[in-house]
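Note that the protein sequences, when read in sequence, are chains A and B.
Just so you know, we're using the working numbering here: the first sequence kicks off at 3 and counts up by one.
Just so you know, we're using the working numbering here: the second sequence kicks off at 397 and counts up by one.
Backbone N, C-alpha and C fix where the C-beta goes; we use that ideal spot for every residue, glycine too.
Everything numeric in this text was worked out from a predicted model, so none of it was measured.
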Amino acid sequence: AQSVSQHNHHVILSEAASLELGCNYSYGGTVNLFWYVQYPGQHLQLLLKYFSGDPLVKGIKGFEAEFIKSKFSFNLRKPSVQWSDTAEYFCAVTARGWGKFQFGAGTQVVVTP
Amino acid sequence: EAEVAQSPRYKITEKSQAVAFWCDPISGHATLYWYRQILGQGPELLVQFQDESVVDDSQLPKDRFSAERLKGVDSTLKIQPAELGDSAMYLCASSLGAQRDTDTQYFGPGTRLTVL
Numbered sequence: 003a004q005s006v007s008q009h010n011h012h013v014i015l016s017e018a019a020s021l022e023l024g025c026n027y028s029y030g031g032t033v034n035l036f037w038y039v040q041y042p043g044q045h046l047q048l049l050l051k052y053f054s055g056d057p058l059v060k061g062i063k064g065f066e067a068e069f070i071k072s073k074f075s076f077n078l079r080k081p082s083v084q085w086s087d088t089a090e091y092f093c094a095v096t097a098r099g100w101g102k103f104q105f106g107a108g109t110q111v112v113v114t115p
Numbered sequence: 397e398a399e400v401a402q403s404p405r406y407k408i409t410e411k412s413q414a415v416a417f418w419c420d421p422i423s424g425h426a427t428l429y430w431y432r433q434i435l436g437q438g439p440e441l442l443v444q445f446q447d448e449s450v451v452d453d454s455q456l457p458k459d460r461f462s463a464e465r466l467k468g469v470d471s472t473l474k475i476q477p478a479e480l481g482d483s484a485m486y487l488c489a490s491s492l493g494a495q496r497d498t499d500t501q502y503f504g505p506g507t508r509l510t511v512l
């Protein structure tokens, strides 16, 4: 069975600091990878996704993620965070052709002014 | 911008009672999903519809949970009887097509269920 692991449950950082959130999955086949974000009081929404091609994927609001197949990882990064990036971030994986979304437990990110 | 609608937003019930949640997906979206999100965890898929047909309900506790999407548009998720462990956020999502492993899912605001 596939699984998704997000290493940090809570991250607190200051504005302008760099952010990196870890996501590892366990599945031996081809996968599709997603990062979703939930801002306070808002719905879950797609941040970025990777299916194939360039393993460095750029999403909305300056976020990017890198797929490293050999490490089964899809880490999310942002070079300089803003207070408005305070949110919960979820990594999700689907096995190609199978399709059931498997979400990680989420990482709560708090950016202080 | 079109959104997924859910009601009620909050529901408090006593155990052994019946509860029902409603979801109206984005117009034209063929696929509808129900998720359960327990505090501190990520969403877990309960059931997925393609139009009016169930395509995945492997994680749905069928002894007490039921879901329907009779006309392939809006959907209802029911729990009868509710148990204390059912307290969670119930999320509905929809996507445009049938490619569930690639289509972007659009989520509703969720229904927060508390079972006393």
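Taking only three categories from DSSP, how would you classify residue i?
i	result
serine 454 (chain B)	coil
serine 449 (chain B)	strand
serine 86 (chain A)	helix
isoleucine 434 (chain B)	coil
serine 7 (chain A)	strand
serine 72 (chain A)	helix
lysine 80 (chain A)	strand
lysine 411 (chain B)	coil
lysine 102 (chain A)	coil
When we look at the beta-carbon of residue i and count the other beta-carbons within 10 Å, is it buried (16 or more) or exposed?
i	result
serine 86 (chain A)	exposed
lysine 51 (chain A)	buried
lysine 80 (chain A)	buried
glutamine 433 (chain B)	buried
proline 404 (chain B)	exposed
proline 2 (chain A)	Nothing about residue 2 (chain A) can be read from this structure; chain A reaches only from 3 to 115.
leucine 466 (chain B)	exposed
threonine 109 (chain A)	buried
tyrosine 431 (chain B)	buried
threonine 114 (chain A)	exposed
serine 5 (chain A)	exposed
aspartate 459 (chain B)	exposed
serine 491 (chain B)	buried
Start and end of the beta strand (DSSP E) containing residue i?
i	result
phenylalanine 600 (chain B)	Chain B is shown only over 397 to 512; residue 600 (chain B) falls outside these bounds and no answer can be derived.
phenylalanine 417 (chain B)	415–420
tyrosine 41 (chain A)	Tyrosine 41 (chain A) -> no beta strand (DSSP E), and no H or E assigned at all.
lysine 60 (chain A)	58–60
tyrosine 27 (chain A)	25–28
arginine 508 (chain B)	507–511
glutamine 402 (chain B)	401–403
serine 16 (chain A)	12–16
glutamine 110 (chain A)	109–114
Validate contact between the stretch 504–512 of chain B and the stretch 447–456 of chain B using beta carbons, cut 8 Å, 3 pairs: With a cut-off of 8 Å, the stretch 447–456 of chain B and the stretch 504–512 of chain B do not count as touching, because too few Cβ pairs lie within range.
Three-pair Cβ contact test at 8 Å for the stretch 53–60 of chain A versus the stretch 68–75 of chain A: Counting C-beta pairs with one atom in each stretch, the stretch 53–60 of chain A and the stretch 68–75 of chain A have three or more that are closer than 8 Å, which means they touch.
Ordered list of alpha helix (DSSP H) runs contained in the stretch 464–498 of chain B, each at least 4 residues: DSSP runs (the alpha helix (DSSP H)) wholly in the stretch 464–498 of chain B: none.
Stretch pair the stretch 500–510 of chain B + the stretch 397–405 of chain B: three plus CB contacts closer than 8 Å: Touching, yes.
Segment contact flag, the stretch 102–115 of chain A with the stretch 436–445 of chain B, C-beta cutoff 8 Å, min 3 pairs: With the cut-off at 8 Å, the stretch 102–115 of chain A and the stretch 436–445 of chain B touch.
Contact the stretch 80–96 of chain A vs the stretch 25–34 of chain A: 3+ CB pairs below 8 Å: Judged by Cβ distances under 8 Å, the stretch 80–96 of chain A makes contact with the stretch 25–34 of chain A, as three or more pairs qualify.
Validate contact between the stretch 4–22 of chain A and the stretch 38–52 of chain A using beta carbons, cut 8 Å, 3 pairs: Remark: fewer than three beta-carbon pairs, one from each stretch, lie closer than 8 Å, so the stretch 4–22 of chain A and the stretch 38–52 of chain A are not flagged as touching.
Segment contact flag, the stretch 463–478 of chain B with the stretch 412–420 of chain B, C-beta cutoff 8 Å, min 3 pairs: Between the stretch 463–478 of chain B and the stretch 412–420 of chain B, the count of Cβ pairs shorter than 8 Å is three or higher; the stretches touch.
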